[in-house]
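These protein sequence lines map, in sequence, to chains A and B. For the first sequence, this note's numbering begins at 1 and goes up steadily by one. For the second sequence, this note's numbering begins at 1001 and goes up steadily by one. Read through the structure below, which is laid out as structure tokens, and then see the notes.
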Amino acid sequence: MHCCSRRGFLAQSAATAGVLTLGSKPLLAAPLAADQQADMTIAKWAGAANPDAKEIEAIAVKLTEQAIAGLGGMQRFVKKGDVIWVKPNIGWDRTPEMASNTNPHVVSTIIRLCLEAGAKTVKVGDNTCHAAEKSYHSSGIAAAAKALGAEVVFLDPSRAKRFDVKGENLKETAIFPEIIESDLVINVPVVKHHSIATATVCMKNYMGVVVNRKAFHQDLPTCIADITRFMKPRICVVDAVRILTDHGPTGGDLADVKTPLTIAAGTDIVALDAFGVELLGHKPESIGTVAKGAKEKLGTMDYRSLPLREIAVS
Amino acid sequence: MKSRRPVWSAARARRIVQSLAFLAFVALFLNVRPRPDWQPDWSAKLFFIIDPLVMLGTALAAHSLPMILLASVGTIFATIVLGRVFCGWLCPLGAVHAIAGRFFRRFWPNRKRRDAWSRWQLTKYCLLIGMLFMALFGVHGACVFDPLVFLYRSCATAVMPAGQWIVEEGSTAVYKADPGIGSFRVAKVTEPPYQFLRLNVFVLPNAVFLGGGWILLLFVATIALNAYRPRFWCRYLCPLGALLGIFAWRPWLRRKVDKAVCNQCDLCRIGCHGASCESPGEGWKAAECFGCMNCVDHCPRKGLKLAWAAPWNNEPKIQPLDLGKRAMFGSVLGGAVGMCLMRISPQARGSTFNATLIRPPGARAERDFLQRCTACGLCMKVCPRGALQPAIAEAGLEGVWTPRLVPLLGYCDYTCNLCGQVCPTEAIQPLSLEEKQKIRIGLASFDVNRCIPYAYGRDCMVCEEHCPIPDKAIYFTEVDVVHRDGSLQKVKQPHVDPEKCIGCGICENVCPYRDGPAIRVMSANESRHPDNQPVQGVPSPY
Chain A
1 MHCCSRRGFL AQSAATAGVL TLGSKPLLAA PLAADQQADM TIAKWAGAAN
51 PDAKEIEAIA VKLTEQAIAG LGGMQRFVKK GDVIWVKPNI GWDRTPEMAS
101 NTNPHVVSTI IRLCLEAGAK TVKVGDNTCH AAEKSYHSSG IAAAAKALGA
151 EVVFLDPSRA KRFDVKGENL KETAIFPEII ESDLVINVPV VKHHSIATAT
201 VCMKNYMGVV VNRKAFHQDL PTCIADITRF MKPRICVVDA VRILTDHGPT
251 GGDLADVKTP LTIAAGTDIV ALDAFGVELL GHKPESIGTV AKGAKEKLGT
301 MDYRSLPLRE IAVS
Chain B
1001 MKSRRPVWSA ARARRIVQSL AFLAFVALFL NVRPRPDWQP DWSAKLFFII
1051 DPLVMLGTAL AAHSLPMILL ASVGTIFATI VLGRVFCGWL CPLGAVHAIA
1101 GRFFRRFWPN RKRRDAWSRW QLTKYCLLIG MLFMALFGVH GACVFDPLVF
1151 LYRSCATAVM PAGQWIVEEG STAVYKADPG IGSFRVAKVT EPPYQFLRLN
1201 VFVLPNAVFL GGGWILLLFV ATIALNAYRP RFWCRYLCPL GALLGIFAWR
1251 PWLRRKVDKA VCNQCDLCRI GCHGASCESP GEGWKAAECF GCMNCVDHCP
1301 RKGLKLAWAA PWNNEPKIQP LDLGKRAMFG SVLGGAVGMC LMRISPQARG
1351 STFNATLIRP PGARAERDFL QRCTACGLCM KVCPRGALQP AIAEAGLEGV
1401 WTPRLVPLLG YCDYTCNLCG QVCPTEAIQP LSLEEKQKIR IGLASFDVNR
1451 CIPYAYGRDC MVCEEHCPIP DKAIYFTEVD VVHRDGSLQK VKQPHVDPEK
1501 CIGCGICENV CPYRDGPAIR VMSANESRHP DNQPVQGVPS PY
């Protein structure tokens, strides 16, 4: 937080007068006025505690709707006739309650909002780690997306094109062109433990646009910063309805899953990552990828310095 | 001539049934494709369960039999009554050879002798006797060369990958070069069929099988032999044909020639699929007749038909096959020598295990497995990750083309149990997903001289993150690594927990090294072998 406090301060004063309270407790900003545009929203469930799986589905939908509405609605990002790529994390052959993949109801709500905002086509797809057909199926995302008329795309490495990422570590690499040639990529990660990066949220989710990412792990922060810079994120939606707290990124044990019932959305990818890793109990500056993102000026770790709208949903 | 031929004839009916049977084979073959929510049923192995040679060979070799194979008793009854109609009307490999034979006949006509009976056609009986003798002692060779097994394996591991290679390489070349005239792009025409095949027909991209080229060569060679004699395989080699020939010793449906009408023009022998007649209009060998009906069709004087006769009747006449005592004895002796050939190796004697011979989950102990596996390739076709590959020498001569898991090419999917469900002879036992997830097919180990965190002091976690075991069979310990410049770095070094590892091979498959992975799965600690358990303290699921 220290390395960013000045930038955070500037952003703060440019927005509204805020009060910074230092310490382990979250920093509190003055709430935004109803007509002010937020760059980040955090929608948190404030209804009945301990919902069952069926209720969580409905909660996920509500939270997503509120988080996007808080940013000014999907029409802020989606123009009429746009082709949208929704990029969830569908890495693993795991069911939604394992929190290894993005919640299918979050994904389907985003698809619906895009279509309502006038998108021509919404495509959904990820470069999976386990077999794609299986992961798409078990994650529930294929069925949810198809039901809304979105195109479920099985990425084809033989149709990938080489792009110059112009990164510090990543130079020319094969990338799935359908993703980056769409008008807007909506990054929809799930918050998870990660055995090397400690935590994975938005930035790391962009690894799915690269065909061969195995060597990334030898210097994750740099590679992830490189690909994030290349992707020029405009909107990310963080799924923290369920989060994976251990044995990530694969998971598979319900004992490792927690349910914060939260969705954060925004335009600052580093801020959203910082928020995500805090949910896992880490300080953002202690996570290599987040610190590197802030250092590379891809965003701010101090998400409370942004025009932030916190919404209690019930 | 052509105009006088009837629109509807027995031979035409046979051709239609034969084509439909072949199309059914193709449809069932293509339907064996792993996809979410698909559960294979008996139709996946239909052609094997109606195959009496698979039943007999398995029963002799394994001394037991999956119940479903008893369906082939129906084929035996049909053969006793109707003769070898299976060969002429139903066998899909027979259809392939019939088409090839027809093609060569067009291309290279007027060779009457090609369809005359030859004594060498007895070869297949000798081969069958030799192989069934071997089966008595547990060598399953008769089934490895069963025609349906041969066709399935050739299609799964050679023909289909060859077709897929053409489609993938061709369409990718067009896609990349993007040729066209004006606004017309060739890729607009080639992409839709490619995408259709990719998503609906191919099992996985770039599907390849080790030694598939040899299997293709053998398949093409057997087809090319049709140039010498039509249906060469069926007449001279086919062990199932020989078995059915024995059952067609005295069929109830027989060829009847009207002596008063026959002028021995010999047109009946032209186009005879089985080459079943010794001389013009005479010497019909029931055991060699496929019931193709061409003779009935070809007879210009309508002096030839099929008639019913009780087995004890001597008319219409059947010319018996005379194999001879010497040929019988020679076949058995050949079988005995063949058996020695296969069994005189340390691995066959059970004193060593091959580290790279990783059998699919549910596979029986090696001897029992080899006694059942026909190497049909059904498990290789259904494997969603292309991990099951035909063995070349890993399982010895006896185990050629039997399935083995090659982690470098594919891994055993944690949530898949399809191979055991499709196996026609239960060489791979059908297991529930819960049972299958407990079966160890091997054990992973690190090559610390290559593994990046050990050898080069950098983090890498690809094997660990892919490990599908919920609480991970691969774990890290954090160590301080001293770099060249003296700087210290904390690096996570991976280890395998032998209590948790089931040998699925995904770690080896995803290792960044593609030349020789730094983590390898070998057959040690495989559940199916009590003697192959070097790492102690690992509870056995049995």
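Note that CB positions come from ideal geometry on N, CA and C, so glycine has one too. It should be emphasised that the depicted structure is a prediction, and the values quoted were computed from it without experimental measurement.
Contact set between residue i and chain A, taken where Cβ atoms lie within less than 8 Å
i: valine 1482 (chain B); result: Those do not exist, as valine 1482 (chain B) stays about 18 Å from chain A at its closest Cβ, beyond 8 Å.
i: valine 977 (chain B); result: This structure cannot settle anything about residue 977 (chain B), because the visible part of chain B is limited to 1001 through 1542.
i: proline 1205 (chain B); result: Asp156, Pro157 and Ser158
Neighbour list for residue i in chain B, Cβ cutoff strictly below 8 Å
i: threonine 41 (chain A); result: Going along chain B, no residue has its Cβ under 8 Å from threonine 41 (chain A), so there is no contact; the nearest lies around 31 Å.
i: aspartate 93 (chain A); result: Asp1413, Tyr1414, Thr1415 and Pro1468
i: threonine 128 (chain A); result: Simply none; closest approach about 11 Å.
Neighbouring residues, chain A, relative to residue i (Cβ below 7 Å)
i: aspartate 1471 (chain B); result: His247 and Asp253
i: isoleucine 1452 (chain B); result: Gln218
i: leucine 1199 (chain B); result: Phe154
i: proline 1316 (chain B); result: By Cβ distance, chain A contributes nothing, its closest Cβ being about 58 Å from proline 1316 (chain B), past 7 Å.
i: threonine 1172 (chain B); result: Ser158
Test item: CB-CB of residue i and residue j under 8 Å
i: serine 329 (chain A); j: threonine 250 (chain A); result: The structure shown does not extend to residue 329 (chain A), since chain A is modelled only from 1 through 314, so no value can be given for it.
i: aspartate 1115 (chain B); j: alanine 1275 (chain B); result: yes
i: alanine 38 (chain A); j: leucine 71 (chain A); result: yes
i: isoleucine 311 (chain A); j: glutamine 36 (chain A); result: no
i: threonine 128 (chain A); j: serine 138 (chain A); result: no
i: histidine 194 (chain A); j: glycine 248 (chain A); result: yes
i: methionine 1339 (chain B); j: valine 1139 (chain B); result: yes
i: valine 1482 (chain B); j: lysine 1045 (chain B); result: no
i: arginine 1250 (chain B); j: isoleucine 1318 (chain B); result: yes
i: cysteine 1126 (chain B); j: alanine 1327 (chain B); result: yes
i: leucine 1244 (chain B); j: phenylalanine 1047 (chain B); result: no
i: isoleucine 110 (chain A); j: isoleucine 186 (chain A); result: yes
i: alanine 1098 (chain B); j: glutamine 1018 (chain B); result: yes
Chain-ordered chain A contacts of residue i [CB-CB under 9 Å]
i: proline 1384 (chain B); result: Ala131, Glu133 and Lys134
i: arginine 994 (chain B); result: No statement about residue 994 (chain B) is possible, as the shown extent of chain B runs from 1001 to 1542 and does not include it.
i: valine 1510 (chain B); result: Cys129 and Lys214
i: lysine 1492 (chain B); result: Ser195 and Ile196
Paired residues, beta bridge with residue i - DSSP
i: arginine 309 (chain A); result: A:Thr41
i: glycine 1180 (chain B); result: B:Arg1185
i: methionine 1522 (chain B); result: B:Leu1443
i: asparagine 187 (chain A); result: A:Lys87 and A:Cys236
i: leucine 298 (chain A); result: According to DSSP, which records beta bridges pairwise, leucine 298 (chain A) is partnered with nothing at all.
i: glutamate 1282 (chain B); result: B:Ser1279
i: tyrosine 1475 (chain B); result: B:His1495
i: arginine 1254 (chain B); result: B:Ala1307
i: lysine 258 (chain A); result: A:Ile243
i: proline 1390 (chain B); result: B:Pro1403
i: histidine 1466 (chain B); result: Answer by DSSP bridge pairing: none, since histidine 1466 (chain B) is not bridged.
Neighbour list for residue i in chain B, Cβ cutoff strictly below 7 Å
i: histidine 137 (chain A); result: Pro1036
beta-carbon residue i near the ligand NAD non-hydrogen atom, thresh 7 Å
i: alanine 1518 (chain B); result: No copy of the ligand NAD appears in this structure; indeed no ligand is present at all.
Proximal chain B residues relative to residue i, where beta-carbon distance stays under 9 Å
i: threonine 267 (chain A); result: Residues of chain B passing the Cβ test: none, with the nearest at roughly 29 Å.
For the pair the segment 1434-1444 of chain B and the segment 166-182 of chain A, tell me if three or more CB-CB distances fall below 8 Å. When Cβ pairs closer than 8 Å are counted between the two stretches, the segment 1434-1444 of chain B is seen not to touch the segment 166-182 of chain A, the count staying below three.
Just by C-beta distance, which residues in the segment 1117-1133 of chain B are closer than 7 Å to chain A? Against chain A - using a Cβ distance shorter than 7 Å - the segment 1117-1133 of chain B contributes no residues.
Three CB pairs or more closer than 8 Å across the segment 172-192 of chain A and the segment 242-249 of chain A: Three or more beta-carbon pairs drawn from the segment 172-192 of chain A and the segment 242-249 of chain A are found closer than 8 Å, and the two stretches are therefore classed as touching.
Can you list, in chain order, the residues of the segment 147-159 of chain A whose Cβ is nearer than 8 Å to any Cβ on chain B? Among the residues of the segment 147-159 of chain A, those with a Cβ less than 8 Å away from any Cβ of chain B are Phe154, Asp156, Pro157, Ser158 and Arg159, in the order of the chain.
Taking three-plus beta-carbon pairs below 8 Å as touching, is the segment 1269-1288 of chain B in contact with the segment 1248-1256 of chain B? Verdict: yes, contact present.
Please list the residues of the segment 1032-1048 of chain B that have a C-beta atom closer than 8 Å to any C-beta atom in chain A, keeping them in chain order. Residues Pro1034, Arg1035, Pro1036 and Asp1037.
Contact list for the segment 190-216 of chain A against chain B, Cβ threshold 7 Å: Within the segment 190-216 of chain A, the residues whose Cβ lies closer than 7 Å to some Cβ of chain B are Ser195, Ile196, Lys214 and Ala215, listed in chain order.
Do the segment 95-113 of chain A and the segment 292-312 of chain A touch if we need at least three Cβ pairs shorter than 8 Å? Flag = no, the segment 95-113 of chain A and the segment 292-312 of chain A do not touch.
Are there three or more Cβ pairs, one per stretch, closer than 8 Å when the segment 119-128 of chain A is compared with the segment 84-91 of chain A? Touching, per the Cβ criterion.
Stretch pair the segment 251-268 of chain A + the segment 285-297 of chain A: three plus CB contacts closer than 8 Å: By the Cβ rule, the segment 251-268 of chain A does not count as touching the segment 285-297 of chain A, because fewer than three pairs are nearer than 8 Å.
Which of the residues in the segment 172-184 of chain A, read from start to end, lie with their CB under 8 Å from any CB of chain B? Taking 8 Å as the Cβ-Cβ cut-off, the segment 172-184 of chain A has no residue approaching chain B.
Please confirm if the segment 1518-1531 of chain B is in contact with the segment 1495-1509 of chain B, defined as three or more CB-CB distances below 8 Å between the two stretches. The answer is yes - the segment 1495-1509 of chain B touches the segment 1518-1531 of chain B, with three or more Cβ pairs under 8 Å.
Does the segment 1170-1177 of chain B come into contact with the segment 1371-1388 of chain B, if we say contact requires no fewer than three beta-carbon pairs (one atom in each stretch) closer than 8 Å? Contact fails: fewer than three Cβ-Cβ distances are below 8 Å.
Cβ-based contacts, 9 Å cut-off: residues of the segment 1498-1524 of chain B near chain A: Residues passing the 9 Å Cβ filter: Ile1506, Val1510, Cys1511 and Pro1512.
Taking contact to mean at least 3 C-beta pairs separated by less than 8 Å, is the segment 1386-1400 of chain B in contact with the segment 1358-1377 of chain B? By the C-beta criterion, the segment 1386-1400 of chain B is judged to be in contact with the segment 1358-1377 of chain B, since at least 3 inter-stretch pairs fall below 8 Å.
Using a Cβ distance threshold of 8 Å, determine whether the segment 144-161 of chain A contacts the segment 1195-1209 of chain B, with at least three qualifying pairs required. With the cut-off at 8 Å, the segment 144-161 of chain A and the segment 1195-1209 of chain B touch.
Across the segment 113-122 of chain A and the segment 210-224 of chain A, are there enough close Cβ pairs to call them in contact, namely three or more that are closer than 8 Å? Taking 8 Å as the limit for Cβ pairs, the verdict is that the segment 210-224 of chain A does not touch the segment 113-122 of chain A.
With 8 Å as the C-beta to C-beta threshold (strictly closer), list the residues of the segment 1153-1184 of chain B near chain A in chain order. For chain A, the residues of the segment 1153-1184 of chain B that bring a beta carbon within less than 8 Å of one of its beta carbons are Glu1168, Thr1172 and Tyr1175, in chain order.
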